[in-house]
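Protein chains in written order, with the numbering used here: chain G, 3 to 361; chain P, 523 to 861.
Heads up, the beta-carbon is just placed ideally off N, CA and C, and yes, glycines get one too.
Working notes, beginning with the structure itself.
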């Protein structure tokens with residue numbers, strides 16, 4: 003057990019270190035100062051209370067979309083629909099808040115978040131149902147559903163929510179805002195909001211779900227071996243749909259929290275929200291462990307928020323951060339190489355120990 | 523295990539303290555003015571809207587011997603709408619005195635930042651933020667330049683079919699469409715205008731497929747108002763030209779002659795420029811002199827050269843027609859409606 007936890011940490015940490023190294027090499031090659039830039043990056047993400055607030059806020063949606071991806075992945079599915087489910091959740095949250103502005107604050111906020119989560123969940127469940135009953139690859143369907151959600155939400159915002167000629171919905175009422183004046187005042191007007199604590203609670207719930215509940219166990223069992231699970235009496239179809247539903251609920255919740263806490267409205271968007279894709283990277287880096295996701299999200303969030311500072315304080319283009327992020331993912335992807343190196347070293351050590359004994 | 527975790531945490535904290543120590547900090551001193559802009563999603567190299575704003579700021583900075591960076595001029599690029607607010611706030615923290623929001627998508631973020639930072643000058647391009655004394659709103663009468671683009675297209679087309687590729691269906695882009703249609707109609711009401719929207723300012727692939735369909739439909743002049751998506755329109759035109767079709771593109775925002783060049787010719791007929799750079803430069807200069815037009819709306823039109831049509835490869839006849847219409851618009855005989 004001890005060894006396993008250690009190994010579980012080694013590869014992500016090595017990947018992160020290697021990613022930063024690649025970033026530094028690229029900066030050196032192009033004549034930028036990596037130390038100064040990494041210092042600016044660190045300052046930009048943790049240097050003061052405002053930046054910390056932004057970094058933590060940016061974590062919220064990363065955590066939730068990563069959890070969503072992890073749940074589907076545990077069941078053996080590659081849910082690429084995170085961006086679409088997030089967008090639908092954002093849309094659902096804002097629609098609810100705009101429709102019922104007179105509800106008491108608690109009902110208004112919980113209703114909006116629930117609506118967002120359900121929108122995301124139902125959207126993802128479509129892919130789950132198709133997979134369970136028709137064997138359609140969820141990779142294809144979730145990608146297609148992403149585009150449908152982008153264009154549908156754009157249309158809906160334009161046609162139903164936005165004033166004529168405008169590109170975004172009206173703002174929600176102030177009491178639905180998760181970024182309360184109190185949080186604003188202690189974080190120097192950052193967008194840090196209560197969603198952060200909701201996300202942490204959800205992390206614990208998902209952890210408990212996987213490790214302590216029957217349904218969570220079934221999801222893992224189906225992920226490990228679908229045929230064996232069926233033989234053991236698990237309702238595989240139901241499990242597939244449940245996994246995809248939960249996956250979408252989480253991503254949708256992420257969207258609703260961002261809508262209520264960060265944007266306060268929804269606008270026509272150019273592209274699918276990138277957070278959906280970044281969430282996948284976070285989940286991969288954390289090896290789909292809910293607790294690990296929190297730390298991986300912190301790292302990614304710090305890179306993104308701190309990265310905005312790079313071009314402000316130096317001449318280095320902020321795209322360098324994208325290189326670092328991509329390199330980290332790349333190294334996580336080829337973790338096999340690290341495993342090979344580590345295994346070789348261990349073998350060597352064992353061998354020499356044995357050699358001593360035999361003599 | 524626990525020990526190791528503690529050690530890692532301790533090391534991270536230690537490293538953090540060192541890094542905080544050596545990070546470069548913004549100093550507020552210095553009598554010179556500083557200005558920065560936040561892009562709306564495209565990069566400062568989008569060959570269009572954001573780029574022309576950045577070039578304006580760059581030339582302003584250089585003409586006043588400023589350096590790129592803190593206490594000089596700079597940009598912050600947004601890759602997502604969620605980046606607007608952090609980007610603006612980072613620039614405020616770095617003590618830039620004037621901050622430009624490039625594009626109507628930033629109006630909410632600029633408005634709330636302006637409320638929290640009453641001492642900083644803000645400017646928003648292509649939108650009007652009202653009720654804030656430290657925000658200057660800049661708008662362009664792009665329907666006028668688009669009208670001239672319509673005249674150029676109508677004078678050039680051989681098939682009596684022309685096309686329009688828009689970015690997103692927003693009020694701003696609708697003024698381009700409206701102006702273009704009126705211009706075409708003024709010359710020849712029988713010419714058909716095919717209007718398509720890509721739904722994005724950053725999808726060159728969509729621009730390319732829309733334009734290819736237009737060229738295949740024998741529309742021989744296409745006007746694009748689509749930012750980065752327009753790059754695809756040029757690609758489509760160059761491909762069509764290489765296979766022997768005579769087609770033209772009318773560029774937007776910047777002089778896009780270079781984008782139309784290919785081995786054996788150039789497909790850029792003209793460019794309906796919108797001098798965002800000039801506006802950025804003007805406002806920066808005014809801010810430096812302490813005359814920032816906060817709370818006001820500044821409008822640029824044909825007359826003051828804030829918008830216009832640049833001749834890239836027009837025939838003499840077409841160019842003459844454009845010039846005569848330009849005079850009529852400037853002296854008010856023709857009124858171009860933005861809708």
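- When G:277, G:100, G:151 are compared, the shortest CA-CA separation from residue 163 of chain G is found for G:100.
- Annotation for residue 612 of chain P: 598 place their beta carbon closer than 8 Å to its own, counting only its chain and skipping 5 residues before and after.
- From the beta-carbon of residue 642 of chain P, no residue of chain G is found nearer than 7 Å; the closest lies around 13 Å away.
- For the C-beta of residue 307 of chain G, the chain P residues within less than 7 Å are, from N- to C-terminus, 608.
- Closest in C-alpha terms to residue 12 of chain G, from the list G:310, G:288, G:314, G:296, comes G:288.
- The beta carbon of residue 276 of chain G sits closer than 8 Å to the beta carbons of 85 from its chain, once the five residues preceding and following it are set aside; these are given in chain order.
- Residue 557 of chain P carries a strand assignment under DSSP once its states are collapsed to helix, strand and coil.
- Taken in chain order, the complete alpha helix (DSSP H) segments of 4 residues or longer contained in the segment 316 to 358 of chain G are 322 to 335.
- Burial is judged here by how many other beta carbons sit within 10 angstroms of a residue's own beta carbon; residue 786 of chain P has fewer than 16 and is exposed.
- Think of a sphere of 7 Å around the beta carbon of residue 686 of chain P: no beta carbon from chain G falls inside it, the nearest being about 18 Å out.
- For the pair residue 819 of chain P and residue 804 of chain P, the Cα-to-Cα distance works out to about 13 Å.
- Residue 746 of chain P and residue 686 of chain P have their C-alpha atoms some 6 Å from each other.
- Residue-level contact by beta carbon fails for residue 290 of chain G and chain P, as no gap is shorter than 8 Å.
- Close to chain G, meaning a Cβ-Cβ distance shorter than 8 Å, are the following residues of the segment 685 to 719 of chain P: 690, 691, 692, 693, 696.
- Neighbours of residue 46 of chain G in chain P, taken as residues whose beta carbon is under 8 Å from its own, are 612 in chain order.
- When rounded, the separation of the alpha-carbon atoms in residue 16 of chain G and residue 298 of chain G is 13 Å.
- Around the beta carbon of residue 139 of chain G, fewer than 16 other beta carbons sit within 10 angstroms, so the residue counts as exposed.
- When secondary structure is reduced to three states using DSSP, residue 681 of chain P falls in the coil class, being assigned neither helix nor strand.
- Following the DSSP letters along the chain, one finds residue 214 of chain G inside the alpha helix (DSSP H) bounded by residues 197 to 214.
- Of the residues assessed, residue 570 of chain P falls on the buried side of the cut-off, its CB having 16 or more other CB atoms within 10 angstroms.
- Around the beta carbon of residue 829 of chain P, a 10 Å sphere encloses 16 or more other beta carbons of the protein chains shown; the residue is thus reported as buried.
- Looking at the DSSP output, residue 784 of chain P bridges to P:787.
- The C-beta distance from residue 733 of chain P to residue 759 of chain P rounds to 6 Å, short enough to meet the 8 Å contact threshold.
- Interface residue (Cβ-Cβ distance to chain G less than 8 Å): residue 593 of chain P is not classified as such.
- Residue range 238 to 260 is occupied by the alpha helix (DSSP H) that includes residue 249 of chain G.
- When Cβ pairs closer than 8 Å are counted between the two stretches, the segment 302 to 319 of chain G is seen to touch the segment 41 to 54 of chain G, the count reaching three or more.
- Taking 8 Å as the CB threshold, residue 721 of chain P lines the interface with chain G.
- Annotation: residue 706 of chain P to residue 673 of chain P spans about 5 Å, alpha carbon to alpha carbon.
- The beta carbon of residue 113 of chain G is closer than 7 Å to those of 98, 102, 105 in its chain, skipping five residues each way along the sequence.
- With respect to residue 662 of chain P, residue 822 of chain P sits close: the two C-beta atoms are nearer than 8 Å.
- For residue 25 of chain G, no CB of chain P lies under 8 Å from its own CB, so it is not counted at the interface with that chain.
- Beta-bridge annotation (DSSP): residue 658 of chain P is paired with P:645.
- Shown here for residue 691 of chain P: same chain residues with a beta carbon closer than 6 Å to its own, the five before and five after excluded, namely 719 in chain order.
- Pairing residue 735 of chain P with residue 750 of chain P gives a Cβ-Cβ distance that is not under 8 Å.
- Any Cβ of chain G closer than 8 Å to the Cβ of residue 638 of chain P would place that residue at the interface, and such an atom is present.
- Interface flag for residue 160 of chain G against chain P is set, since a Cβ pair is found closer than 8 Å.
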